[in-house]
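A.B. asks:
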Ligand code: 5GP
């Protein structure tokens, strides 16, 4: 069994058959060793492609992106910001992302200084649900004329449709654990090879 599946079975709570609470190792307290192992699995999955940078969304994506950036050889990671800063110098790529858990829409920005034309970008996040966060980050890559080569998530809930949308956009998707459904208040895991 994969390490993330084990952690979910051991540590998670399921809310309304829809939301997984994994504050023990991912969203509040962070287990560095688990994220390091996830990142090494992601590196193996994307071993045939050169990655210049990791792109994620604040806040929960940041720890994941750090582990990924280290696993891919200490490359930089960039996190898109949700809140407008008063300190803006230079241009920004901007998009809107609907939050799955809060049902709010945020303006999300990345400075034009940190994503460049032709760079190979791997997008990552803690969760893939309906795919809105990943599609927003893909939009930002496209604004920068950078190549989004794939998406890596610690946990995906396949039944919420995100994977299908990202595949339609041509992204390869890696997940540390893929949940096909919740049954009797337990996750049912599945797996994908691409
Ligand atoms: P999506 O944009 O793919 O619909 O949802 C992914 C985003 O929503 C992630 O950034 C994640 O923070 C949050 N999210 C979605 N589903 C869950 C969940 O089951 N548990 C937690 N903790 N966050 C989730």
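In our numbering, the protein residues as written are 141 to 334.
C-beta atoms are modelled at their ideal positions from N, C-alpha and C, and glycine is treated no differently.
#1: Taking the beta carbon of residue 327 as the centre, do at least 16 other beta carbons fall within 10 Å, making it buried, or is it exposed?
#2: Would you please state the rounded distance, in angstroms, between the beta carbons of residue 240 and residue 269? I believe it to be under 8 Å.
#3: Please indicate yes or no: does the CB of residue 314 lie closer than 7 Å to some heavy atom of the ligand 5GP?
#4: With distances taken between CB atoms, is the gap from residue 280 to residue 220 smaller than 8 Å?
#5: Name the residue from 235, 176, 293, 324 whose alpha carbon lies nearest to the alpha carbon of residue 154.
#6: Could you tell me the distance, in whole angstroms, from the CA atom of residue 289 to the CA atom of residue 166?
#7: Hey, would you say the C-beta of residue 170 is under 7 Å away from at least one heavy atom of the ligand 5GP?
#8: From what residue to what residue does the beta strand (DSSP E) around residue 321 run?
#9: Residue 185 by DSSP, collapsed to three states: which one?
#10: Tell me the rounded alpha-carbon separation between residue 142 and residue 148.
#11: Which whole-angstrom value is the C-beta distance of residue 236 and residue 276, which I expect to be below 8 Å?
#12: Taking only the alpha-carbon atoms, compute the straight-line gap between residue 224 and residue 210 and give it to the nearest angstrom.
C.D. replies: So, from the listed chains and residues:
#1: buried
#2: 5 Å
#3: Outside the cutoff, so no.
#4: yes
#5: Looking at the Cα atoms, 324 is the closest of the given residues.
#6: 24 Å
#7: no
#8: 312 to 323
#9: helix
#10: The straight-line gap from Cα to Cα measures roughly 10 Å.
#11: 7 Å
#12: 28 Å
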